[in-house]
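Number of protein chains: 2
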Amino acid sequence: MNYAEELKKYNLKVTPQRVAIVQELYLFGHLNIDQLYTKLLNQFPSISLATIYKNMNAMIERIFIQEVKIPHEKSVYELSKASHAHVVCEKCKKIEDIMISTQGVLEEVKEKSSFSITNSAMVFSGICSECSK
Amino acid sequence: MNYAEELKKYNLKVTPQRVAIVQELYLFGHLNIDQLYTKLLNQFPSISLATIYKNMNAMIERIFIQEVKIPHEKSVYELSKASHAHVVCEKCKKIEDIMISTQGVLEEVKEKSSFSITNSAMVFSGICSECSK
DNA sequence: CTGACTGCAAACGTTTTGCACGGTA
DNA sequence: TACCGTGCAAAACGTTTGCAGTCAG
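Respectively, the protein sequence lines represent chains W and Y.
If you're matching positions, the first sequence starts at 1 in this note's numbering and goes up one per residue.
If you're matching positions, the second sequence starts at 134 in this note's numbering and goes up one per residue.
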């Protein structure tokens, strides 16, 4: 993944801090603000939380990254990608993406709600295989 | 619905403020903190936001009420009830409950994730029939 | 060279806490 | 009566803003 190119695609200037944010999200998949801040501090000992917030907001506005709201947890952020659901381990807090076929559910939702649906957010919680050992 | 009885079931002392909170949630289905505060101010002109937060936390702890996290919106709160999904109108912000059969989806999730799932949070966004006129 | 980005400090909005008083059981 | 809940004020927390200096294009 060429982080700089991706940033340009979204009309964002390429700065080292932004590249690092995208890189961390690419490598770790899902991070909350604190986790991101901690990781960036290694590369940029004087980086400011304000910088992170400003950049997150800029990237969210352009839908380069997205917020994932998780019951009982802090929000995490991920690079935008094809629509997918999330599973969260209630014990170790690990988050995984899963692709599920939503047609069936979406049809049912449209039938029962009379809304025309354009987006869905599905988060499933439970215990992962490691934690259930 | 007997609000006082419900509170007792959850080991919560019955106070006028708590009864009012439960009543508003029962009548309106989903409210965020500000909406709840505004409504309660009518009945209790000197009620404090601190009181509302303390009570919400107590009721959430006992799972008498639940937080619903909605993409791009403030969280709303509802009385606990049988598992269900939510649809949100992106224009008028109306929220509705819908009962959908989750078996199919849940099976797919279990297959693809190796998590044992105990909870699901599904929020579908779109435009309601009134707003699409 | 110009406008945008960074980091700092201050401001802001939301939620929590401590305390004195009052109400529930 | 003993404990818990309420309301107020202050504190804590997370996020945003303004500004001066720096950097990307």
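We put the CB at the ideal spot given by N, CA and C, even for glycine.
At a cut-off of 8 Å between beta carbons, residue 225 of chain Y makes no contact with chain W. In the displayed model, residue 194 of chain Y falls within a helix according to three-state DSSP. Rounded to whole angstroms, the separation of the alpha carbons of residue 69 of chain W and residue 140 of chain Y is 29 Å. Under the Cβ criterion (8 Å, minimum of three pairs), the region 115-123 of chain W counts as touching the region 250-257 of chain Y. Residue 70 of chain W: not part of any alpha helix (DSSP H); DSSP gives it neither H nor E. The beta carbons of residue 221 of chain Y and residue 228 of chain Y sit closer together than 8 Å.
According to the DSSP assignment, residue 113 of chain W belongs to no beta strand (DSSP E) but to the alpha helix (DSSP H) extending over 103-113. Residue state for residue 44 of chain W is assigned as coil, using DSSP reduced to three classes.
In this structure, residue 109 of chain W lies away from residue 238 of chain Y, with their beta-carbon atoms at least 8 Å apart. By the CB criterion at 8 Å, residue 90 of chain W and residue 77 of chain W fall outside the cutoff. Contacts with chain W at 8 Å (Cβ-Cβ) do not include residue 171 of chain Y. For residue 3 of chain W and residue 19 of chain W, the gap between their C-alpha atoms comes out near 6 Å.
Residue pairing by DSSP places residue 86 of chain W opposite W/97 and W/123 in a beta bridge.
Between the C-alpha atoms of residue 33 of chain W and residue 143 of chain Y there is a straight-line separation of about 35 Å.
Collapsing the DSSP output to three states places residue 211 of chain Y in a strand.
Scanning chain Y for C-beta atoms nearer than 8 Å to the C-beta of residue 100 of chain W yields 238, 241, 242 and 245, reported in chain order.
The C-beta of residue 123 of chain W comes closer than 8 Å to at least one C-beta of chain Y.
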